[in-house]
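Asker: Attaching a single structure in structure tokens format; questions to follow.
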Amino acid sequence: MTLRSLVFKFTKIVGGIGLMALSAPVLATMFLPVLGFTVEGVAAGSVAAAAQSAFYGASTCGVFSVLQAAGATAVAPGFFGVVAAISGFLLGVKLFRA
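Numbering-wise, the sequence shown is residues 2 to 99 according to our numbering.
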């Protein structure tokens with residue numbers, strides 16, 4: 002394996018990770034309401050409610066609070082934003098695995 006091929010492979014891996022990292026926030030915004038992090042708060046009977054009950058009780062902190070804040074304030078991405086995020090993520094996976 003030549004140095005040139007190693008550099009090319011490294012560049013593809015780093016590019017793939019970068020594309021996945023850039024598209025992750027858009028994709029996460031889409032799934033927060035599905036998990037129960039809504040504008041009204043934690044949805045009753047949701048995965049988020051079960052996690053809050055099992056792990057946090059009345060006082061939450063850290064990751065749970067960040068997810069709830071994002072679910073309460075995030076604006077849902079538009080159609081083209083979703084398509085771009087999914088495309089970028091899939092391209093990132095393909096580059097990473099190559």
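We put the beta carbon where it would ideally sit given N, CA and C, even for glycine.
Exposed or buried, what is V43 when buried is set at 16 or more other beta-carbons lying within 10 Å of its beta-carbon?
Answerer: By the 10 Å Cβ count, V43 comes out buried.
Asker: At a threshold of 7 Å, does V15 count as lining the ligand ZN (C-beta to nearest heavy atom)?
Answerer: With respect to the ligand ZN, the structure shown offers nothing to examine, as it has no ligands at all.
Asker: With a threshold of 8 Å on Cβ separation, who are the neighbours of A52 within its own chain once the five nearest residues in sequence on each side are excluded?
Answerer: Hits under 8 Å: F65.
Asker: Assuming the contact rule is C-beta atoms closer than 8 Å, A71 and L33 should be a hit. Round their C-beta distance to whole Å, please.
Answerer: The pair is a contact, with the Cβ atoms about 6 Å apart (cut-off 8 Å).
Asker: Here's the rule: buried if 16 or more other CB atoms are within 10 angstroms of the residue's CB, otherwise exposed. What is S24?
Answerer: Classification for S24: buried.
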